[in-house]
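**Q** In short: position in the sequence shown from 1, add 38, done, that's the working numbering.
Quick one: the structure is below, questions incoming.
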Amino acid sequence: MNATHDTPLPRSIPEYLERLRESLAGADPALVQDALYDAEEYLRAEMAENPGKSEAEVIASVAGSYGAPDEVADIYRDTEVKVQTALRPPAPKPRKSPWGQFFGVIAEPRTYASLFYMLLSLATGIFYFTWVVTGASLSAGLAVLIIGIPFVILFLGSVRILSLVEGRLVEVMLGERMPRRPLYASRGKPWLERIKEMFTDPRTWGTLLYMLLMMPLGIVYFTIAVTGLTLSLSLIAAPVALMLSGTVLVDGVDLASSSQPWTWPLAIGAGVALLFLTLHIARWVGTLHGMLAKHLLVKSAQYS
39 MNATHDTPLP RSIPEYLERL RESLAGADPA LVQDALYDAE EYLRAEMAEN PGKSEAEVIA
99 SVAGSYGAPD EVADIYRDTE VKVQTALRPP APKPRKSPWG QFFGVIAEPR TYASLFYMLL
159 SLATGIFYFT WVVTGASLSA GLAVLIIGIP FVILFLGSVR ILSLVEGRLV EVMLGERMPR
219 RPLYASRGKP WLERIKEMFT DPRTWGTLLY MLLMMPLGIV YFTIAVTGLT LSLSLIAAPV
279 ALMLSGTVLV DGVDLASSSQ PWTWPLAIGA GVALLFLTLH IARWVGTLHG MLAKHLLVKS
339 AQYS
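Structure below.
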């Protein structure tokens, strides 16, 4: 692509990144994070291959191949539309009637992905919570020692890596666009300033809060999913088993002898209704949790 010359090219990598951020104003924060990371990686690699050139010279030399900030922003916007269109599952047929909307949830692939996320969130929530509490406790305990600061930096770095892993789970299962690259590192700045930015970056503390919240949320999600599925399937299966065999033993008690046949269709109907209600709850949880993850793990990075 050819660089435009309507505006002067940036003369430094930080200036290039800031111009790129401005050109992507209004875009998805996850897309902005990916674009900034890719741009810095590319420009730093070009600097390493041309040690005798200044940043302004390198930017000018790659403007024709990589592009000026506004051109790169346009390409990322266009590519994002194409990728999201390709990855988006087929849209379900619109259902106008209330019954169609209620029962149509069973035909949506995202329903089952959200349900699986609810079941998985108990394990991930416990892991995230344990990691953060243990890391924070060790960081506080080692603060008086010389290794305290390096340990805190490593701990916060590990938390950022975990946020990327969680972001992939959220994007794949819940459909919320999340970053595919780490937060760009501003490697042109001194080490002390970069360490300071890590502590003052709102996303650092948003990520820690998210991982602490994941354990109680995971318990709630897992409980809702398991209770809803177990109860609804039990209500459906028990009358069917009674009608087929005439005997269903639970703890030595024959349910067939203690229930009336006219209640069996009611139990099946209640089970079906509860099953579809559980699927709707899974969809709602998926949408709301995706918004929470976006706000705590990504959006605050826009203001760093």
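Cβ atoms here follow ideal geometry from the backbone N, Cα and C, with glycine treated the same way.
All values derive from a computational prediction rather than experimental measurement.
Could you tell me if L334 is buried or exposed, where buried requires 16 or more neighbouring beta carbons within 10 angstroms of its beta carbon?
**A** With 16 or more Cβ atoms within 10 Å of its Cβ, L334 is classed as buried.
**Q** So, for L255: in the same chain, excluding its five sequence neighbours on each side, which residues have a beta-carbon less than 7 Å away from its beta-carbon?
**A** Within the same chain, L255 has close Cβ partners S159 and G163.
**Q** What I want to know is whether the C-beta of A111 ends up closer than 7 Å to one or more non-hydrogen atoms of the ligand ATP.
**A** By its list of ligands, the structure shown contains no ligand whatsoever, and the ligand ATP lies outside what it can speak to.
**Q** Does the separation of the CB atoms of I274 and V310 fall below 8 Å?
**A** Yes.
**Q** Under 8 Å between C-beta atoms, does L312 make it to chain B?
**A** The structure shown contains no chain B, having only a single protein chain.
**Q** Where does E56 fall in DSSP's three states?
**A** Of the three classes helix, strand and coil, the one that applies to E56 here is helix, per DSSP.
**Q** By Cβ distance below 7 Å, which residues in the same chain neighbour T242 in space, the five residues on each side in sequence not counted?
**A** The answer, listed in chain order, is L194 and M236.
**Q** Between the stretch 201–221 and the stretch 184–193, can you find at least three pairs of beta-carbon atoms closer than 8 Å?
**A** No, they do not touch.
**Q** In three-state terms, what does DSSP make of S50?
**A** Note: S50 maps to coil in three-state DSSP.
**Q** Using beta-carbon positions only, say whether L246 and V208 come within less than 8 Å of one another.
**A** Cβ distance not < 8 Å, so L246 and V208 don't count as in contact.
**Q** Are L62 and L55 closer than 8 Å when you measure CB to CB?
**A** Contact: no.
**Q** The alpha helix (DSSP H) with S99 in it runs from where to where?
**A** Taken as a continuous stretch (DSSP letters only), the alpha helix (DSSP H) holding S99 covers E93 to V100.
**Q** Suppose the cutoff is 8 Å on Cβ atoms and the five residues either side in sequence are ignored; what does the same chain contact list for R148 look like?
**A** Taken in chain order, the residues that qualify are P127, L212, G213, R321 and G324.
**Q** What does the alpha-carbon distance come out to for the pair P107 and R115?
**A** Cα to Cα, P107 sits roughly 12 Å from R115.
**Q** Closest by CA to L271, which one among L313, M249 and I262?
**A** It is L313.
**Q** By how many angstroms is the C-alpha of A83 removed from the C-alpha of A174?
**A** Approximately 35 Å, taken between the alpha carbons.
**Q** Along the alpha helix (DSSP H) that carries Y155, what are the first and last residues, could you check?
**A** Where Y155 is concerned, the enclosing alpha helix (DSSP H) stretches over P147 to G179.
**Q** Since L74 and L317 are thought to touch, with beta carbons under 8 Å apart, how far apart are those beta carbons, to the nearest angstrom?
**A** Actually they are not in contact, since the Cβ atoms of L74 and L317 sit about 38 Å apart, beyond 8 Å.
**Q** DSSP state of M252, grouped into three classes?
**A** The answer is helix: DSSP assigns M252 an H, G or I state.
**Q** Could you tell me the distance, in whole angstroms, from the CA atom of T168 to the CA atom of T238?
**A** Taking the straight line from one Cα to the other gives about 23 Å.
**Q** Rounded to a whole number of angstroms, what is the C-alpha to C-alpha distance between V288 and S177?
**A** A caution first: V288 carries a pLDDT of 49, below 50, which makes its placement in the model unreliable, though a value can still be read off. V288 and S177: Cα-Cα distance of roughly 52 Å.
**Q** Over what stretch of residues does the alpha helix (DSSP H) that includes A106 continue unbroken?
**A** Note, A106: premise wrong, no alpha helix (DSSP H); not H, not E.
**Q** Using the C-alpha atoms, what's the distance from P136 back to L200?
**A** Rounded to whole angstroms, L200 to P136 spans 41 Å at the Cα level.
**Q** Starting from the C-beta of L183, find all residues in its chain whose C-beta is less than 7 Å away, skip the five residues before and the five after it, and write them out in chain order.
**A** No residues qualify anywhere along the chain.
**Q** By the 10 Å Cβ neighbour count, where 16 or more other Cβ atoms means buried, how is I51 classified, buried or exposed?
**A** Flag for I51 reads buried.
**Q** Among G205, P240 and L230, which residue has its Cα nearest to the Cα of M329?
**A** Selected option, being the one with the closest Cα: G205.
**Q** Determine, using beta carbons only, whether A263 and L180 come nearer to each other than 8 Å.
**A** No, they are not a contact pair.
**Q** Which residues in the same chain have their Cβ closer than 8 Å to the Cβ of A331, if we skip the five residues on either side of it in sequence?
**A** Here the set comprises E204, G205, V208, L212, E214, M216 and Y248.
**Q** In chain order, what residues of the same chain lie with their CB nearer than 8 Å to the CB of V110, ignoring the 5 residues before and after it?
**A** Cβ within range, chain order: L58, S61, A73, A77 and Y104.
**Q** What residue range is occupied by the uninterrupted alpha helix (DSSP H) comprising E79?
**A** Counting along the chain, the alpha helix (DSSP H) containing E79 begins and ends at P67 to E87.
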